[in-house]
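What follows is a single structure, written as structure tokens, with notes after it.
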């Protein structure tokens, strides 16, 4: 599922302040070691914050707020309106891809194999778990 939320970006000194009004998200972008945050960094931060909020809501069985129409966002009423001039842009997130990228915790599964196949895997010194992961990933991504 893909979502796109309007985001207010406000440049202040070396930071870009980020607000996602629909999700009550406030964050900022100033990549460590750089003199000034870039819009690309700010978009990445916004995308990450939106992804975390939506995935967390899904995991808790909650629905997340539908995005506002971009023209309904009033920059002058934003959280950082008094800090500088803000601009509104849409930031999209592919939630399925975001979850795949972020949720890499391992789970234990038992698998049943015919004895001859297990013996051949042992003979070839194959990591059965890795082969199964690769085959499942190919199968799952091939369905899309």
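Numbering (our numbering), first residue to last: 1 to 144. Positions of the beta carbon are idealized from the N, C-alpha and C atoms, including for glycine. None of the values given here were measured: they were computed from a predicted structure.
Check your understanding: Any chance the segment 40-51 sits against the segment 69-84, with 3 or more Cβ pairs inside 8 Å?
Key -> no
Review point. With a CB to CB cut of under 7 Å and the five nearest residues on each side skipped, what residues in its chain are close to residue 17?
Key: 10, 28, 80, 83
Exercise for review: Could you check how far apart the C-beta atoms of residue 90 and residue 6 are, in whole angstroms? I think they sit under 8 Å.
Suggested key: 6 Å
Practice item. Please state whether DSSP places residue 139 in a helix, a strand or coil. Key: helix
**Study point:** Separation of residue 30 from residue 41, as counted between CA atoms
**Key:** 7 Å
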